[in-house]
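Worksheet: one structure, shown below.
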Amino acid sequence: MSVAVLALGPGVLWVARRWPALLRGLDGFVLASVGGIVMADVVPEALERGGVPALLLVAAGLMGPGWLEARLQRSANAVHTLALAMGVLGLGLHAALDGAALAGASDTQAQGLAVAVLLHRLPEGLTLWWLLAPTQGPRVAAAVLLGVAAATATGFGLAASASDIVQAGPLAWIQALVAGSLLHVVFHRTQQVDVEPRQEPVGRQWAAATGALLGLGLLVLVLTHHDASDGHAHQGRVFWDLARESALALVVAYAAAGLVQSLLPQASVRWLGRGSRWGQAARGAAFGLPLPICSCGVVPVYRSLAIAGAPTAAGIAFLVATPELGLDAVLLSFPLLGAELAGVRLAAAALVAVLVGVALDWAVHRGWTGQALRVDPPKPADPTGDSGGWRARLVEGLRVGFGDMVDHTGPWVVVGLGVATLGQSLLAAGDLARWPAGLDVPVFALAGMPMYVCASGATPLVAVLIAGGVSPGAGLAFLLTGPATNVSTFGVLAQLHGRRFALGFVGCTAAAAIALGWATNLALHGYRVPALGGPDHEHHGWVDQAALAVLVALLLVSLFRQGPRGFLGQVLDVARVSHGHDHAHGHDHDRGLDRVHGPDQVTQPCDCGHDHGPGDSTAAAGPKPIRVKMTAGPSS
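Quick note: the sequence shown, position 212, residue 226 per my numbering, numbers continuous.
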């Protein structure tokens, strides 16, 4: 039966090649089902048995091939082929583990597991044939399909003698590495086969999004039939508890963020340059904290401010404060982190922004590094002028909040909730609670620095970590460094001000976050975040349920508007600074049919990660740019 279901994959793909819409639907189906199975089934198993090393290996498998491809361009194909081979190995290993689990299950569990194994096979067959047949030939692809089926039987037959090996940490580490490699291949497929576009652009998005929803439905069925034996039901409850706790705050925040952007008059900000450097930094932080700009969107805005001559103290404070706390993150912090830690987070974000801005302004004025290159920028349009009246601006604000803001931060929120749920596996292993007292603060501060995380997306993750034993200071340090510092920020600062300035920014931010983390541990010793999934949350009011329904609807509309790869691209592609994608402030898209990302992919790639085509006015519109008009002022 397993072989028969695997064989359906090539047949379905053969039929889909005749209908481009079906092909795009299959792309969304494979992306959601295989990616979801890996993230919700394979990775949690590896984390439970392998702990933190397994988490690092998942990250290495996911991001390592892309990093190598970018630096070894002549060997990019070889690197991708290696990642593909590891991904195929991962599917085979997972099939063997499925067989072993099936052999060790009780009669009641075995029926559900058998259904789950069969449900796995259709997306696996599609994926293997899709990836292997165009590059390695149909014979190799067919042999691999048979090998995966044989691996299930082998795992079933050797389950009794190999039980110790299955539970061993080294096997979990291998499983984690190949799981990350498989995610890389599924998310970043590059083989291309021409497909003649015959669908309207919006139709392409709907076809792909419908396929993704079907893939998610299959994922739910797989996990439902796994529940009886491996505890996925608990992870599902954690995810939905976090989502319900977050929904009302997020819906209110999206509305408020759009209205702030639309209704706040475009007043002159020359006052940012007045007074001492402490005053400038405080104004920059106060100006940036409420703006609805995420960590990946603040970099191009800061670059334009620096080139226009913004005071260093105000500009750097703006750069640090803006992504650390938006309205959504503030409102989300209170139900998930508790009022005390939420207040500490707000004060700490402002303090870090001011301290880093003052320190770097002091360094600049003592000749430690050069000033930014000054050019004459084009005069920006005033998007918040009085034209159209307040009603038009109100409608525009709601469109921005429930449209553009959801498009750009919604994927990050979903990822944050998912990673927070996966954190339960690490908490079960106990690794994250074993750091010596005080050491966890610098560890989490440094761990957040290279990441591209949204402040609202990181909030549920930190809530789960603190609930599992991580100190509140360590969680705060991660919340301070994660949104404010990343590779792109370092690169832009090095380009504008010099490498020493960029290193100083990283060092000052890390030092301030670590110091405030230690201070928080002293002030909030023994602090506990509000319980999630406990007795107090068994019954949610109708407001919470309605907010969750609204949030799910907004995310679904965003999925159909962007397509699954555009939705996922908000998270995967934001670190690419040079590609011209101003992540939260307007897009510059190619107008070809792009990035269906498969061997059957259309051959006009767009660098931004969206599936926009010619004439796709909805997709091409993007969010309205947030432009800040600044004039240079005295810096001391």
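Idealized CB from N, CA, C, for every residue including glycine.
{"query": "Cβ-based burial, Arg542 [other Cβ within 10 Å; buried from 16]", "result": "exposed"}
{"query": "Buried or exposed by the 16-neighbour rule on C-beta atoms within 10 Å, applied to Leu76", "result": "buried"}
{"query": "Supposed close pair Leu436, Pro58 - CB separation, criterion 8 Å", "result": "6 Å"}
{"query": "Residue range of the alpha helix (DSSP H) that includes Pro486", "result": "Pro486 to Ala498"}
{"query": "Contiguous alpha helix (DSSP H) assignments of at least 4 residues, all confined to the stretch 406-484", "result": "419-443, 454-462 and 469-481"}
{"query": "Val478 versus Thr149 - alpha carbon distance", "result": "43 Å"}
{"query": "Length of the line joining the Cα atoms of Leu140 and Val56", "result": "18 Å"}
{"query": "Where the alpha helix (DSSP H) containing Ser347 begins and where it ends", "result": "Leu341 to Leu351"}
{"query": "Nearest candidate by alpha-carbon position, reference Asp421, set Ala68, Ala567, Trp144 and Pro67", "result": "Ala567"}
{"query": "8 Å Cβ cutoff met for Gly452 and Ser572", "result": "no"}
{"query": "Touch test, the stretch 286-303 against the stretch 254-271, Cβ-Cβ under 8 Å, three pairs minimum", "result": "no"}
{"query": "Where Ser290 falls: helix, strand or coil (DSSP)", "result": "coil"}
{"query": "Residue range of the alpha helix (DSSP H) that includes Leu514", "result": "Reading the sequence as shown, one finds Arg at residue 514 and not Leu. Arg513 to Ala537 is the span of the alpha helix (DSSP H), which, as asked, contains Arg514."}
{"query": "Buried versus exposed call for Val427 [16 or more other C-beta atoms within 10 Å across all chains shown]", "result": "buried"}
{"query": "Nonlocal neighbours in the same chain, by C-beta distance under 6 Å from Ala367, ignoring five residues either side", "result": "Ala299, Ala331, Val334 and Ala335"}
{"query": "Inter-residue Cα distance where the pair is Pro648 and Gly555", "result": "Here Pro648 scores only 43 on pLDDT, less than 50, and its place in the model should not be relied on; the value that follows carries that caveat. Approximately 53 Å between the Cα atoms of the pair."}
{"query": "Length of the line joining the Cα atoms of Val102 and Ala74", "result": "17 Å"}
{"query": "Range covered by the alpha helix (DSSP H) that runs through Leu36", "result": "Pro34 to Ile51"}
{"query": "Backbone secondary structure at Gly268 - three-state DSSP", "result": "Gly is not the amino acid found at residue 268; the sequence shown has Tyr there. Correct three-state label for Tyr268: helix."}
{"query": "For Val543, the first and last residue of its enclosing alpha helix (DSSP H)", "result": "Note, Val543: premise wrong, no alpha helix (DSSP H); not H, not E."}
{"query": "Secondary structure of Gly151, DSSP reduced to three states", "result": "coil"}
{"query": "Classification of Trp404 by the beta-carbon crowding that lies within 10 angstroms, buried from 16 upward", "result": "exposed"}
{"query": "Per-residue DSSP class, three states only, for Leu305", "result": "coil"}
{"query": "Spatial distance of Val564 from Arg32 (CA atoms)", "result": "37 Å"}
{"query": "Exposed unless 16 or more other CB atoms sit within 10 angstroms - verdict on Arg514", "result": "exposed"}
{"query": "The alpha helix (DSSP H) enclosing Val571, as first and last residue numbers", "result": "Trp556 to Gln576"}
{"query": "Simplified DSSP state of Gly225, which is helix, strand or coil", "result": "helix"}
{"query": "Other residues of its chain near Val455: CB distance less than 8 Å, five sequence neighbours each side excluded", "result": "Ser485, Gly487, Ala488, Ala491, Ile528, Gly531, Trp532 and Asn535"}
{"query": "Rounded separation between Leu369 and Ala526 - CA only", "result": "8 Å"}
{"query": "Segment limits, alpha helix (DSSP H) that includes Val334", "result": "Thr326 to Glu338"}
{"query": "Exposure label - Pro184; buried when at least 16 CB within 10 Å", "result": "exposed"}
{"query": "Distance, Trp376 Cα to Ala68 Cα", "result": "43 Å"}
{"query": "Alpha carbon of Val158 to alpha carbon of Ala472, nearest angstrom", "result": "39 Å"}
{"query": "For Arg579, three-class secondary structure by DSSP", "result": "helix"}
{"query": "Pairwise C-alpha distance: Gly518 and Ser347", "result": "29 Å"}
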